[in-house]
Amino acid sequence: MSQANAVAVVLWIVLTMYAIFAGADFGAGLWSLLSGSGDGGRRPRELIDWALGPVWEANHVWLIFAVVVLWTGFPSAFEAVFSTLFIPLSLAALGIVLRGSGFAFQHTARRAGSQALAQRLFGLASLLTPFFMGTVVGAVAGGRVPVGNAAGDSVTSWLNPLSLVIGALFVATGAYVSAVFLVSDARRAGAPDLEEYFATRALVAAVVTGGLAAVGLVALYRDARYIFDGLTHDGLPLVILSALCGIGVLILLHRRAHRGARMLAAGAVASVIWGWGIAQHPYLLPKTLTISAGAAPSGTLTTVLVCFGVAVVVVLPSLALLYTLAQRNVVAEHQRPAPNPTGGEA
Amino acid sequence: MAFTLGFHIILSCLGVALPAMMLIANYIGIRRNDADALKLARRWSKATAVAFAVGAVTGTVLSFEFGLLWPAFTGRFGEVFGVLFAIEGIFFFLEAIFIAIYIFGWNRMSPWTHFWTGVPVVITGLGGAFSVVAVNSWMNQPQGYSPTSGKVTSVEPLKVIFNPAVPYEVPHMILAAYLVTGFLVAGIYAVGLLRGRRDRIHRLGLLIPLTVACIATPIQFVVGDSSARAIAKDQPIKFAGMECVQKTSTDVTEYIFGRCTSTGVKGGIGIPGFDSFLVGWSTSTEVTGLDSVPPDDRPPFNTMLHWSFDVMVGICTALIGLGLWLGIAWWRKRDYPQTKWFLRATAVSGVAAVVALECGWIVTEVGRQPWIVNNVMRTSDAVTHASGVWVTFGVVLGLYVALGTALIVTLMAMSRRWRAEDEEDVGIPYGPEPGPPPDLATEAPK
Chain A
1 MSQANAVAVV
11 LWIVLTMYAI
21 FAGADFGAGL
31 WSLLSGSGDG
41 GRRPRELIDW
51 ALGPVWEANH
61 VWLIFAVVVL
71 WTGFPSAFEA
81 VFSTLFIPLS
91 LAALGIVLRG
101 SGFAFQHTAR
111 RAGSQALAQR
121 LFGLASLLTP
131 FFMGTVVGAV
141 AGGRVPVGNA
151 AGDSVTSWLN
161 PLSLVIGALF
171 VATGAYVSAV
181 FLVSDARRAG
191 APDLEEYFAT
201 RALVAAVVTG
211 GLAAVGLVAL
221 YRDARYIFDG
231 LTHDGLPLVI
241 LSALCGIGVL
251 ILLHRRAHRG
261 ARMLAAGAVA
271 SVIWGWGIAQ
281 HPYLLPKTLT
291 ISAGAAPSGT
301 LTTVLVCFGV
311 AVVVVLPSLA
321 LLYTLAQRNV
331 VAEHQRPAPN
341 PTGGEA
Chain B
1 MAFTLGFHII
11 LSCLGVALPA
21 MMLIANYIGI
31 RRNDADALKL
41 ARRWSKATAV
51 AFAVGAVTGT
61 VLSFEFGLLW
71 PAFTGRFGEV
81 FGVLFAIEGI
91 FFFLEAIFIA
101 IYIFGWNRMS
111 PWTHFWTGVP
121 VVITGLGGAF
131 SVVAVNSWMN
141 QPQGYSPTSG
151 KVTSVEPLKV
161 IFNPAVPYEV
171 PHMILAAYLV
181 TGFLVAGIYA
191 VGLLRGRRDR
201 IHRLGLLIPL
211 TVACIATPIQ
221 FVVGDSSARA
231 IAKDQPIKFA
241 GMECVQKTST
251 DVTEYIFGRC
261 TSTGVKGGIG
271 IPGFDSFLVG
281 WSTSTEVTGL
291 DSVPPDDRPP
301 FNTMLHWSFD
311 VMVGICTALI
321 GLGLWLGIAW
331 WRKRDYPQTK
341 WFLRATAVSG
351 VAAVVALECG
361 WIVTEVGRQP
371 WIVNNVMRTS
381 DAVTHASGVW
391 VTFGVVLGLY
401 VALGTALIVT
411 LMAMSRRWRA
421 EDEEDVGIPY
431 GPEPGPPPDL
441 ATEAPK
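If you read the sequences in order, they're chains A and B.
At position 188 of the first sequence (counting the first as 1) the number is 188 in the working numbering, and the numbers step up by one without a gap.
At position 443 of the second sequence (counting the first as 1) the number is 443 in the working numbering, and the numbers step up by one without a gap.
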């Protein structure tokens, strides 16, 4: 594999991590928004808060990694994407900031009114970021991002059916993954009614996501034939794998056997992302910029790969340590008196 | 961008230096079996987490801005300076993980094990500061890539990482982080003491950061002084802008404040020959003036630049004075000066240190203009061609005001609750994963 391809693989790994974790995170924000005001929605929101608290920050790290790898490894693609698509990307950034402050405020706001406002903000922001990220992907897929400083149309590049469908698909996928994750969290918290609540929502989200994916394929066929052809030829095994994972999740949820549901849901997302990567290969910006043409000089690529290697060797064990400690703690804390046997990890 | 960076820089300082304060308090707490010091360490660890969380958000937005505002800069040189950001990514990730472990580990690990989980936070903070500031030094003294015009085709990462501005710029910024954090935290406790909260927590909360800051300040003065000399040599136009030197000559007068005009400094206090002396230890040293380059290549806002530099130096000098005051009182009475004026001065010192920080930022950034990469790429060539960038800018500005308010409100709410002594209830990102809210399980319909 060439160095440039290796860096592209690194970029894809980071993007996959971001898509899964941030997707689940944004999805949870959406469920929080949809849970409704008043008492009915209070318990689901509490679960979401509890489940999200410790992890939401790590998502920023993945995103920053992805952006940095993109501009370091493929600066001309970065320039093209960020200058032409500055409107959706600004809006995505807006979502990130609003989410951060909404989440922080939610915990500190004293009055019920401002707390509700913070919650609303948090939910809306969760919608904003994935949707506009999706439109960006749609714009790139449709070949509407020419190389250069703001060389493409700043509006029609992302305001077109393909972009909008993919934007909606991103939101729906996040909602789906997140609902599956929340089912497990509800079980961990010992709240069977919430398990039921999110299982239903996972089913609905799965149907919506599947529908949008089908519409997306049609849009790709009409607007981004290169990607469509890739997905239906070289990338086909992964697309099928993704569909199988998705169906597997539904079966597991239906049978109330949640053990592997999280892995399968993540697998469904990951395989479609990698299928897409294969479909797009060897292009960074389909049909205009290839991976090798857009790549940085080899000194830079080597450094990026070394950094990634170091990250794998150093960061992963630290992360493992953190999660191990967190899991142990959950067990320890459950020793406090509880009316029904909740247990730690189910 | 300047604005967001100006905001981010304060948060980064807290992220870099607050963990050190927290560990010092932790160390004292364990060594002397001091419950108050431990309580402080615990509170600071939570404040660190909040600053770090907001810093992560502003950092994400900044990484976007590299593309939203300066696509041509990143498009051409991203492959050069991006190397440093890739390194920074690792440090940042590790810092996040160990902050989480440290906060999480309170009362759950043996005291010394817990202390050692905090050490990586300090180290990664320094590493992160190094890599980010090195990017800025690279913009000041670019090297390690070729060709120098047109598309970059070859990069030497080590030359980029250890560019010639690193040896003075990086220590200067790291010291600034410790100084700003130290005076800022001490200032907050000084306000508490002034309001009559004369307990031991406030005393320690004042003394620990103030001591760190007072040790850092004189070192900073020396480092800053040698930076200025290095700038006079390597970035002479920036230096000329800082000092309002119009004509290249010897025996240059050092002006303190005053108004910069093309015919020389109006007003201000002039010390004949002193500028030359500062640059080369002799009044016969030649100092490069602004006239050595065409008007288009000279930095704008000359008076502001000059004032920023003087304000920074002035504040640093005043802070050394504060340090001496503390030092003398400690030497004679083993206590900080027991006068309200000392506490007032300390309270102000925090704000002053932030002002000095921002002034320093103005000096290095405005002083480099009109270049974004010194003598290689003009800022006007780096900016996005997308129209409507001012709208983006306005939105970002509004957001940061919101974010700043959120941060301060959060910290104040935390402080209020600490005072009410229910500190376990302060919900923060990175906090130890609490158990599920009790009513989640209990209210479940059977």
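Beta carbons are placed, not taken as given, at the ideal position from N, Cα and C, and that holds for glycine.
Cβ neighbour criterion (16 or more within 10 Å) applied to residue i
i, result
"residue 196 of chain A", "exposed"
"residue 2 of chain A", "exposed"
"residue 18 of chain A", "buried"
"residue 139 of chain B", "buried"
"residue 306 of chain B", "buried"
"residue 153 of chain B", "exposed"
"residue 46 of chain A", "buried"
"residue 296 of chain B", "exposed"
"residue 269 of chain B", "exposed"
"residue 377 of chain B", "buried"
"residue 286 of chain A", "buried"
"residue 113 of chain B", "exposed"
"residue 195 of chain B", "exposed"
"residue 35 of chain B", "exposed"
"residue 252 of chain A", "buried"
"residue 237 of chain A", "exposed"
"residue 461 of chain B", "Because chain B is modelled from 1 through 446, residue 461 of chain B falls outside the range shown and cannot be assessed."
"residue 353 of chain A", "Nothing can be reported for residue 353 of chain A, as the shown portion of chain A is limited to 1 through 346."
"residue 264 of chain A", "buried"
"residue 58 of chain B", "buried"
"residue 412 of chain B", "exposed"
"residue 39 of chain B", "buried"
"residue 338 of chain B", "exposed"
"residue 233 of chain A", "exposed"
Spatial neighbours of residue i in its chain, beta-carbon cut-off 7 Å, leaving aside the 5 residues before and after
i, result
"residue 271 of chain B", "253, 254"
"residue 284 of chain A", "74, 77, 290, 291, 294"
"residue 11 of chain A", "66, 69, 70, 73"
"residue 44 of chain B", "18, 21, 22, 25"
6 Å CB neighbourhood of residue i in its chain, flanking five on each side removed
i, result
"residue 174 of chain A", "23, 26, 27, 130"
"residue 223 of chain A", "142, 162"
"residue 189 of chain B", "202, 205, 206"
"residue 186 of chain B", "206, 209, 210, 346"
"residue 179 of chain A", "198, 201, 202, 205"
"residue 26 of chain B", "41, 115"
Rounded distance between the beta-carbons of residue j and residue i, thought under 8 Å
i, j, result
"residue 97 of chain B", "residue 322 of chain A", "5 Å"
"residue 5 of chain B", "residue 62 of chain B", "7 Å"
"residue 465 of chain B", "residue 30 of chain B", "Here chain B covers residues 1 to 446 and nothing more, so residue 465 of chain B does not appear."
"residue 51 of chain B", "residue 14 of chain B", "4 Å"
"residue 83 of chain A", "residue 263 of chain B", "With 8 Å as the limit, residue 83 of chain A and residue 263 of chain B do not qualify as a contact, their Cβ atoms being about 42 Å apart."
"residue 124 of chain A", "residue 33 of chain A", "7 Å"
"residue 117 of chain B", "residue 105 of chain B", "6 Å"
"residue 85 of chain B", "residue 131 of chain B", "7 Å"
"residue 348 of chain A", "residue 29 of chain A", "A query on residue 348 of chain A cannot be resolved here, the shown segment of chain A reaching from 1 to 346 and no further."
"residue 101 of chain B", "residue 70 of chain A", "Contact flag wrong, Cβ pair sits at about 30 Å."
"residue 171 of chain A", "residue 127 of chain A", "6 Å"
Beta-carbon proximity list for residue i, same chain, < 8 Å, skipping 5 on both sides
i, result
"residue 355 of chain B", "311, 315"
"residue 364 of chain A", "The structure shown has nothing for residue 364 of chain A, since chain A only spans 1 to 346."
(request) Could you run through the segment 66 to 90 of chain A and flag, in chain order, every residue whose CB is less than 8 Å away from some CB of chain B? (result) 67, 68, 69, 71, 72, 73, 75, 76, 78, 79, 80, 81, 82, 83, 84, 86, 87, 89, 90
(message) To be precise: take each residue of the segment 2 to 13 of chain A, compare its Cβ to all Cβ atoms of chain B, and keep it if any distance is under 8 Å. Which residues remain?
(response) Residues passing the 8 Å Cβ filter: none.
(request) Give a yes or no on contact between the segment 235 to 245 of chain B and the segment 81 to 93 of chain B, applying the rule of three or more CB pairs nearer than 8 Å. (result) no
(message) Pairs of beta-carbons, one from the segment 243 to 251 of chain A and one from the segment 262 to 275 of chain A, closer than 8 Å: are there three or more?
(response) yes
(message) Using a Cβ-Cβ cutoff of 7 Å, what residues of the segment 138 to 155 of chain B are near chain A? List them in chain order.
(response) 152, 153, 154, 155
(request) Could you tell me whether the segment 60 to 74 of chain B touches the segment 78 to 97 of chain A, using the rule of 3 or more Cβ pairs below 8 Å? (result) Short answer: they touch.
(request) Mind checking the segment 291 to 320 of chain A against chain B and listing, in chain order, the residues whose C-beta falls within less than 9 Å of any C-beta there? (result) The segment 291 to 320 of chain A vs chain B, Cβ under 9 Å: 295, 296, 297, 298, 299, 300, 301, 302, 303, 304, 306, 307, 308, 310, 311, 314, 315, 318, 319.
(request) Note down, in chain order, all residues in the segment 89 to 114 of chain B with a beta-carbon under 9 Å from any beta-carbon belonging to chain A. (result) 89, 90, 92, 93, 94, 96, 97, 98, 100, 101, 104, 105, 108, 109
(message) By the 9 Å beta-carbon criterion, what residues does the segment 150 to 184 of chain A contribute toward chain B?
(response) 150, 151, 154
(request) Identify each residue in the segment 18 to 49 of chain A for which the Cβ-Cβ distance to at least one residue of chain B is less than 7 Å, and report them in chain order. (result) 43, 46, 47
(message) Three or more C-beta pairs under 8 Å: does that hold for the segment 224 to 242 of chain B against the segment 285 to 303 of chain B?
(response) yes
(message) I want to know whether the segment 317 to 325 of chain B touches the segment 335 to 353 of chain B - three or more CB-CB distances under 8 Å.
(response) By the Cβ criterion, the segment 317 to 325 of chain B is in contact with the segment 335 to 353 of chain B, since at least three pairs of Cβ atoms, one from each stretch, lie closer than 8 Å.
(request) Please determine if the segment 213 to 233 of chain B and the segment 167 to 187 of chain B are in contact, where contact requires at least 3 C-beta pairs separated by less than 8 Å. (result) yes
(request) Quick one: which residues of the segment 13 to 31 of chain B get their C-beta closer than 8 Å to a C-beta of chain A? List them in chain order. (result) none
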